[in-house]
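See structure below.
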Amino acid sequence: DTAVSQTPKYLVTQMGNDKSIKCEQNLGHDTMYWYKQDSKKFLKIMFSYNNKELIINETVPNRFSPKSPDKAHLNLHINSLELGDSAVYFCASSQDLPTSNQPQHFGDGTRLSIL
Amino acid sequence: KNQVEQSPQSLIILEGKNCTLQCNYTVSPFSNLRWYKQDTGRGPVSLTIMTFSENTKSNGRYTATLDADTKQSSLHITASQLSDSASYICVVTPYSSASKIIFGSGTRLSIRP
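Structure representation (structure tokens):
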């Protein structure tokens, strides 16, 4: 039983296309996140939702749009993909807000490659 | 300069040996300081979480320490195993803004038999 699952695991597409990454958690958590891990392995937070409400929206191009249809799902849609979008995108969840001392549970990432 | 700096960048040790990884941060005050283990091709897994007022936290063979005066945290791994080969990431969540969660670049640890 995967706690945080992302699909697809790999995504290879052409520049300019629009793509979506899906994330689901079965832990009953209230908060979900999207992170980007670049080629230098730095992880950076992009978005966070708590009970379907956006609580963190970092400096991310508006080509990136998260959508949370319910507490268990947080999808990421990316318009007009650019070469610089190539990275590994991680979804995560936690029981409470990020400032709480609850662990975050991560999915195994979606490896996005832009040709 | 990143507000969370980790050292060494990479480390190779023999199986069974102990090691200590370092994390220096400038973020203060913070809500929590976390250590994660990230296996190749996988997502990070939480090892320890410490609040500003704690100075040590253990999880099996992993022990994290925190010195708020020097703004340093260490992750000590005892009796290393081959499965400990991974990247270890230090993460600090500022007290004032969770949106500024700051990740270190990690230490790549390799355990040799």
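For the record, the sequence lines run as chains A and B. Residues 44 to 158, numbered by my numbering, are exactly what the first sequence covers, in order. Residues 867 to 979, numbered by my numbering, are exactly what the second sequence covers, in order. The beta-carbon is built from N, C-alpha and C at its ideal position, and this holds for glycine as well.
Next item on the list: Starting from His72 of chain A, trace the beta strand (DSSP E) both ways and give me its first and last residue.
Entry: Careful: His72 of chain A lies outside any beta strand (DSSP E) and carries neither H nor E.
Check: Looking at Glu881 of chain B and Ile977 of chain B, is the spacing between their C-beta atoms short of 9 Å?
Finding: Yes, the Cβ-Cβ distance between Ile977 of chain B and Glu881 of chain B is below 9 Å.
Notebook entry, point to check: Taking the beta strand (DSSP E) that Asp933 of chain B falls in, what are its first and last residues?
Noted result: Here the beta strand (DSSP E) through Asp933 of chain B covers Tyr928 to Asp933.
Next item on the list: At 3 residues or longer, and completely inside the segment 882–913 of chain B: list those beta strand (DSSP E) runs for me, N to C.
Entry: DSSP runs (the beta strand (DSSP E)) wholly in the segment 882–913 of chain B: 885–891 and 896–904.
Checklist line | Beta-bridge pairing of Asn118 of chain A - partner residues as DSSP gives them | finding: For Asn118 of chain A, which the question treats as bridged, DSSP gives the partners A:Lys110.
Checklist line | CA nearest to the CA of Gly71 of chain A, picked from A:Gly59, A:Ser108, A:Leu117 and A:Ser137 | finding: When only C-alpha atoms are compared, the closest one is A:Ser137.
Note to self: Is Ser143 of chain A close to chain C? Criterion is C-beta to C-beta, closer than 9 Å.
What the structure shows: Chain labels in this structure do not include chain C; the protein chains are A and B.
Check: At a cut of 8 Å, does the segment 55–74 of chain A reach the segment 134–149 of chain A through at least three beta carbon pairs?
Finding: The segment 55–74 of chain A makes contact with the segment 134–149 of chain A, as at least three CB pairs between them are under 8 Å.
Next item on the list: Could you have a look at Lys966 of chain B and say whether DSSP puts it in helix, strand or coil?
Entry: Here Lys966 of chain B carries a helix assignment [DSSP, helix/strand/coil].
Note to self: Can you tell me whether Leu880 of chain B is helix, strand or coil according to DSSP?
What the structure shows: Residue state, collapsed to three classes: strand.
Next item on the list: Taking Ser939 of chain B as the query, report the chain A residues whose CB atoms sit under 7 Å from its CB, ordered along the chain.
Entry: Correct list: empty, because the minimum Cβ distance to chain A is about 15 Å.
Item checked: Neighbourhood of Lys65 of chain A by C-beta distance below 6 Å, restricted to the same chain and skipping five residues each side -> Thr50 and Asn118, listed in sequence order.
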